[in-house]
Amino acid sequence: MSQIEADVSTANIVVDKETGDYSFDICIDSQDAYAGAEFGVICSEGTEVSSIASTAGSITGPKEANGLVWFGFFDGEDSINGEATITDEGTLDTESDAAIVIQDAKVYTIG
């Protein structure tokens, strides 16, 4: 797999201050066809990624490895064009400062 350039941004950040439930979207936009994307995030203490949804491909993760929580989506060929959105949902500790930092982001092609 090779990497291509793509714009990656976050949007629609929502936090329920009573329950600590959160969700946010990561938006990917590429002019080239691609096969998938993966993200490695750092979660502050008391923050947990519980589910991932995507508008493209099959979901992977969330899975902890090497100090990061990894998730993404993929397809077996370079069939994803233009925009795709991946939604991260989870919980955080409302009694302390909480953060999720995207440490690593990659968009992949097969061919």
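Each residue of the sequence shown is one higher than the one before, starting from 22 at the first, in the numbering used here.
Note that the Cβ used here is the ideal one computed from N, Cα and C, for glycine as well.
| query | Between which two residues does the beta strand (DSSP E) carrying ASP50 extend? | reply | 42 to 55 is the extent of the beta strand (DSSP E) around ASP50.
| message | Suppose you measure from the CA of PHE94 to the CA of LYS84; what does that come to, to the nearest Å? | response | Those two C-alpha atoms are separated by around 13 Å.
| field | Cβ shell of GLU39 (< 8 Å), same chain only, five flanking positions each side left out | value | THR115, listed in sequence order.
| message | Just list the residues that DSSP pairs ALA86 with in beta bridges. | response | BP columns for ALA86 point to LEU89.
| query | Is LYS127 helix, strand or coil by DSSP? | reply | Three-state result, LYS127: strand.
| query | For the candidate residues SER65, GLN52, PHE60 and CYS64, whose alpha-carbon lies nearest to that of SER171? | reply | Lying before the first or after the last residue shown, residue 171 is absent from the chain, which here runs from 22 to 132.
| query | Taking all protein chains shown into account, do 16 or more other C-beta atoms lie within 10 angstroms of the C-beta of SER72, making it buried, or fewer, making it exposed? | reply | Per the 10 Å Cβ criterion, exposed.
| field | Alpha-carbon to alpha-carbon, ILE121 and ASP50 | value | When rounded, the distance between both Cα atoms is 21 Å.
| query | In the structure shown, what three-state DSSP assignment does ASP28 receive? | reply | ASP28 falls in the strand class under three-state DSSP.
| query | In whole angstroms, what separates the C-alpha of ILE123 from that of ILE80? | reply | Rounded to the nearest angstrom, the two C-alpha atoms are 18 Å apart.
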